[in-house]
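Asks: This is the structure I want to talk about, given as structure tokens.
Number of protein chains: 2
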Amino acid sequence: MSTPAKTGEPKRQRLTKGGRKTRERIIEAAAELMFHRGAGGTSIPDIQAAAGVSASQIYHYFGDKQGLVLAVIDHQTDTQLAQQRPLLDNLDSIEALREWCDRAGNRQDARGCEGGCEIGSLASELADGDQSARTRLVSAFDRWEGPIRSGLARMQARGELSERADTAALATALLAAIQGGMLLSQVRRSSTAYRQAVSAVIDHIESLLVR
Amino acid sequence: MSTPAKTGEPKRQRLTKGGRKTRERIIEAAAELMFHRGAGGTSIPDIQAAAGVSASQIYHYFGDKQGLVLAVIDHQTDTQLAQQRPLLDNLDSIEALREWCDRAGNRQDARGCEGGCEIGSLASELADGDQSARTRLVSAFDRWEGPIRSGLARMQARGELSERADTAALATALLAAIQGGMLLSQVRRSSTAYRQAVSAVIDHIESLLVR
DNA sequence: GCATGATTGGAATGTCAATTCCAACTCGAC
DNA sequence: GTCGAGTTGGAATTGACATTCCAATCATGC
Chain A
0 MSTPAKTGEP KRQRLTKGGR KTRERIIEAA AELMFHRGAG GTSIPDIQAA
50 AGVSASQIYH YFGDKQGLVL AVIDHQTDTQ LAQQRPLLDN LDSIEALREW
100 CDRAGNRQDA RGCEGGCEIG SLASELADGD QSARTRLVSA FDRWEGPIRS
150 GLARMQARGE LSERADTAAL ATALLAAIQG GMLLSQVRRS STAYRQAVSA
200 VIDHIESLLV R
Chain B
0 MSTPAKTGEP KRQRLTKGGR KTRERIIEAA AELMFHRGAG GTSIPDIQAA
50 AGVSASQIYH YFGDKQGLVL AVIDHQTDTQ LAQQRPLLDN LDSIEALREW
100 CDRAGNRQDA RGCEGGCEIG SLASELADGD QSARTRLVSA FDRWEGPIRS
150 GLARMQARGE LSERADTAAL ATALLAAIQG GMLLSQVRRS STAYRQAVSA
200 VIDHIESLLV R
């Protein structure tokens, strides 16, 4: 069995200091554009203009457009998770959960509810058409859900959360509420739906507290 | 103030029997393609081939691609809601809610979890870039959420659901769980996330039952 | 300082999409 | 059956986009 043709992967090469910087600049410009217009709606010329680079630079660093899209997925995942820390790593109380979700709601309001979730939007667009993108999105959601589950598990280990609670399922449900809530908020241009969605799930978790 | 330029609207004209049929055929082919590849990922030539029509027919009936996209949104809304009836109009018990959500989960399994929600996917793609599409999507979600809210309201009116329950917020939360759950299921290729998401919200509603 | 590979610019290529145009055809009302 | 509106085919137009190429420049390890 021969090596399957891997698209979007330029041969591993040494990057010079300036090279790394150019690469980053391209990813950031692409991420920004793709957040607003989608991956399919963002052209290479668009990215060239936004990043101030030539076409050859993009193809030099990413091989092809798909390669760039994959890099953007990973970049958005890293960026969004980093932005949520340290809160994300301390979701072991109802108050912490509410505070964390509330922040995302405020961010959504701040941008006028334009655009949904940076990861979710890419997921919706790319999950079906691009196998390698889907794989990275699976990993993105896993990396996001993990800390939520851990926080709930800690509450349970401490005896604060009922033994009957399925912490993994609750973490998934909360992530789903965030995604669905963001989508409804984006469409309705109001964060209310997001807040109601996450609030319902957190209320549910609260009802599972011991005592 | 002059009439704003309305894109995508062919002049209101009488449609002959065959014309109506052609129009329907185009919408259905477009809806199917756009469900799998997105609106942006579906070209007019694609639709021509799938529907067996010429380009002039598409432009004759829909004005331009945006007009067709709007028609597809409305069509998917009508189709999806029709498919959920009569269950959708009788969501006034926990069992009815579970049965209704379960069906969607089974449909998702049946298609191997490829594709998410017919409306949600379009929403994610079009909400930001296309004002008239967003308006129709608002209406689509409202038409969907209404019957959910009504069912919950009936439960509350009958005294089965606590007075403290905010039926409107709960309906939104359930719709958000469906959307977010579908997205995670689509990415993970497993309906588990969907089922956990809706289950959490329905469990929450159940905990608000009187008694 | 030099060799080698990294980086960059910018034009060229080929494909394909959206849309327009016009001529031909069909159907239904009178 | 005839006339006008509704319908259809298919070619032509225009523009954008992904990608490639080549030649030039730059950085760095030795």
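Protein chains in written order, with numbering that gives the first Met the number 0: chain A, 0 to 210; chain B, 0 to 210. For every residue, glycine included, the Cβ atom is placed at its ideal position computed from N, Cα and C.
1) Step through the CB atoms of chain B and report whether any lies within less than 8 Å of the CB of His59(A).
2) With distances taken Cα to Cα, identify the nearest neighbour of Glu23(A) among Glu94(A), Leu173(A) and Val52(A).
3) Give the residues of chain A in contact with Ile25(B), contact being defined as C-beta atoms less than 9 Å apart.
4) For the alpha helix (DSSP H) containing Thr15(B), list its first residue and its last residue.
5) Measuring only the C-alpha atoms, how far is Ile57(B) from Asp63(B)?
6) Would you give the residue range spanned by the alpha helix (DSSP H) that Ser120(A) belongs to?
7) Does any CB atom of chain B fall closer than 8 Å to the CB of Gly119(A)?
8) Near Ser1(A), which residues of its chain fall below 7 Å by C-beta distance, leaving aside the five closest residues on each side in sequence?
9) So, is the C-beta of Arg195(A) closer than 8 Å to a C-beta in chain B?
10) If you drop the 5 nearest sequence neighbours on each side, which residues of the same chain put their C-beta closer than 8 Å to that of Ala132(A)?
11) Nearest to Arg19(B) by CA position, among Gly37(B), Phe61(B) and Ser42(B), is which residue?
12) For Val209(A), does the count of other Cβ atoms within 10 angstroms reach 16, so buried, or fall short, so exposed?
13) With a threshold of 8 Å between beta-carbons, can Asp202(B) be considered close to chain A, or not?
14) Closer than 8 Å, CB to CB, is Ala29(A) near chain B or not?
15) Between Leu208(B) and chain A, is there a C-beta pair that is closer than 8 Å?
16) Would you check if the segment 137 to 146 of chain B and the segment 152 to 166 of chain A touch, i.e. whether three or more CB-CB distances between them fall below 8 Å?
17) Kindly give me the distance between the Cβ atoms of Tyr193(A) and Leu183(A), rounded to whole angstroms, as I take these residues to be in contact under 8 Å.
18) Any idea if Glu117(B) is buried or exposed, counting beta-carbon neighbours within 10 angstroms, 16 or more meaning buried?
19) Taking all protein chains shown into account, decide if Leu151(A) is buried (16 or more other Cβ within 10 angstroms of its Cβ) or exposed.
20) With a threshold of 16 other CB atoms inside 10 Å of the CB of Ala30(B), please say whether the residue is buried or exposed.
21) Can you pull the chain A residues whose beta carbon is under 8 Å from the beta carbon of Gly104(B), in chain order?
22) Of the residues that make up the segment 110 to 142 of chain A, which ones have a beta carbon closer than 8 Å to any beta carbon in chain B?
23) Hey, could you find the ends of the alpha helix (DSSP H) Gly146(B) is sitting in?
24) In or out: Pro3(A) buried (at least 16 other Cβ within 10 Å) or exposed?
25) Where His59(A) and Ala38(A) are concerned, what is the direct C-alpha to C-alpha distance, given to the nearest angstrom?
26) At a CB-CB cut-off below 9 Å, which residues of chain B make contact with Gly179(A)?
27) With DSSP as the reference, label Val209(A) as helix, strand or coil.
28) Answer yes or no: does any C-beta atom of chain B fall closer than 8 Å to that of Gln185(A)?
29) Identify the continuous alpha helix (DSSP H) that holds Ala49(A) and give its terminal residues.
30) Strictly below 9 Å CB to CB, what residues from chain A border Leu238(B)?
31) Going straight from the alpha carbon of Arg211(B) to that of Arg84(B), what length do you get?
32) Compute the Euclidean distance between the alpha carbons of Arg142(B) and Gly115(B), then round it to the nearest angstrom.
33) Near Leu87(A), what residues of its chain come up, given a Cβ to Cβ distance below 6 Å and the 5 sequence neighbours on each side ignored?
34) Closer than 8 Å by C-beta to Leu160(A): which residues in its own chain qualify, once you throw out the five before and the five after it? Chain order, please.
35) On the three-state DSSP scale, how would you describe Leu160(B)?
36) Go ahead and pull the three-state DSSP assignment for Cys100(A).
Replies: According to the data block:
1) Here residue 59(A) refers to the residue found at position 60 when the first sequence is read from its first residue. It does not: the Cβ of His59(A) has no partner Cβ on chain B nearer than 8 Å.
2) Working through the first sequence from its first residue, we reach residue 23(A) at position 24. When only C-alpha atoms are compared, the closest one is Val52(A).
3) What you label residue 25(B) is simply residue 26 of the second sequence in a count that begins at 1. What Ile25(B) touches in chain A: nothing, since even the nearest Cβ is about 22 Å away.
4) As a position in the second sequence, residue 15(B) is number 16, starting the count at 1. Counting along the chain, Thr15(B) falls outside any alpha helix (DSSP H), and DSSP gives it neither H nor E.
5) For the purposes of this step, residue 57(B) is taken as residue 58 along the second sequence, with counting starting at 1. For the purposes of this step, residue 63(B) is taken as residue 64 along the second sequence, with counting starting at 1. When rounded, the distance between both Cα atoms is 8 Å.
6) For the purposes of this step, residue 120(A) is taken as the residue at position 121 of the first sequence. Ser120(A) -> alpha helix (DSSP H) spans Glu117 to Leu125.
7) For the purposes of this step, residue 119(A) is identified with residue 120 of the first sequence, where counting begins at 1. It does; some Cβ of chain B falls within 8 Å.
8) Position 2 of the first sequence, counted from the first residue, corresponds to residue 1(A). Its pLDDT being 35, under 50, Ser1(A) is placed unreliably in this model, and the coordinates cannot settle the point.
9) Along the first sequence, one-based indexing puts residue 195(A) at 196. A small fix is needed here, since residue 195(A) is Gln in this sequence, not Arg. Closer than 8 Å: yes.
10) On the first sequence, residue 132(A) is found 133 positions in, with the first residue counted as 1. Gln65, Val68, Leu69, Ile72, Leu121, Leu125 and Ala126.
11) As a position in the second sequence, residue 19(B) is number 20, starting the count at 1. For the residues Gly37(B), Phe61(B) and Ser42(B), the minimum Cα distance to Arg19(B) belongs to Phe61(B).
12) Stepping through the first sequence from its first residue, residue 209(A) is reached at position 210. Classification for Val209(A): exposed.
13) Along the second sequence, one-based indexing puts residue 202(B) at 203. It does: the Cβ of Asp202(B) has a partner Cβ on chain A nearer than 8 Å.
14) Position 30 of the first sequence, counted from the start, is the residue given in the question as residue 29(A). By this cut-off, Ala29(A) is not an interface position.
15) The residue you call residue 208(B) lines up with position 209 of the second sequence. Chain A contact via Cβ: absent.
16) no
17) To locate residue 193(A), count along the first sequence from 1; it is residue 194. To locate residue 183(A), count along the first sequence from 1; it is residue 184. So it is a contact: roughly 7 Å between Cβ atoms.
18) Your numbering for residue 117(B) matches position 118 in the second sequence. Burial call: buried.
19) Reading the first sequence from its first residue, position 152 is the one you call residue 151(A). Classification of Leu151(A): buried, given that the 10 Å Cβ count is 16 or more.
20) Here the question's residue 30(B) lines up with position 31 in the second sequence. It counts as buried.
21) What you label residue 104(B) is simply residue 105 of the second sequence in a count that begins at 1. The premise fails here: Gly104(B) is roughly 13 Å from chain A at the closest Cβ pair, so nothing lies under 8 Å.
22) Glu113, Gly114, Gly115, Gly119, Ser120, Ala122, Ser123, Glu124, Ala126, Asp127, Gly128, Arg133, Leu136, Val137 and Phe140
23) The count along the second sequence starts at 1 and reaches residue 146(B) at position 147. What sits at residue 146(B) in the sequence shown is Pro, not Gly. Gln130 to Ala156 is the extent of the alpha helix (DSSP H) around Pro146(B).
24) Here residue 3(A) refers to the residue found at position 4 when the first sequence is read from its first residue. Because Pro3(A) sits at a pLDDT of 42, beneath the cut-off of 50, its placement in the model cannot be relied upon, and the following sentence gives the value as read from the coordinates. Exposed, since its Cβ has fewer than 16 Cβ neighbours within 10 Å.
25) As a working mapping, residue 59(A) is identified with position 60 in the first sequence. As a working mapping, residue 38(A) is identified with position 39 in the first sequence. C-alpha separation (whole angstroms): 19 Å.
26) Against the first sequence, residue 179(A) aligns to sequence position 180. By Cβ distance, chain B contributes Gly119, Ala172, Leu174, Ala175, Ala176, Ile177, Gln178, Gly179, Gly180, Met181, Leu182 and Ala196.
27) Position 210 of the first sequence holds residue 209(A). Reduced to three states, the DSSP call for Val209(A) is coil.
28) In the first sequence, counting from the first residue as 1, residue 185(A) sits at position 186. True, the Cβ-Cβ gap to chain B drops below 8 Å.
29) Translated into positions along the first sequence, residue 49(A) becomes position 50. Residues Ile43 to Ala50.
30) Given that chain B is displayed from residue 0 to residue 210, the structure contains no residue 238(B) and the question cannot be resolved.
31) What is shown of chain B runs 0 to 210, which leaves residue 211(B) out entirely.
32) Here residue 142(B) refers to the residue found at position 143 when the second sequence is read from its first residue. Here residue 115(B) refers to the residue found at position 116 when the second sequence is read from its first residue. Distance between the alpha carbons of Arg142(B) and Gly115(B): 19 Å.
33) As a first step, residue 87(A) is located in the first sequence; it is residue number 88 there, counting from the start. Result list for Leu87(A): Pro146, in chain order.
34) The residue labelled residue 160(A) in the question sits at position 161 within the first sequence. If we look at Leu160(A) and ignore the five residues flanking it on each side, its Cβ neighbours are Leu151, Met154, Thr166, Ile204, Leu207, Leu208 and Val209.
35) Stepping through the second sequence from its first residue, residue 160(B) is reached at position 161. Strand.
36) The residue you call residue 100(A) lines up with position 101 of the first sequence. If DSSP states are grouped into helix, strand and coil, Cys100(A) belongs with the helices.
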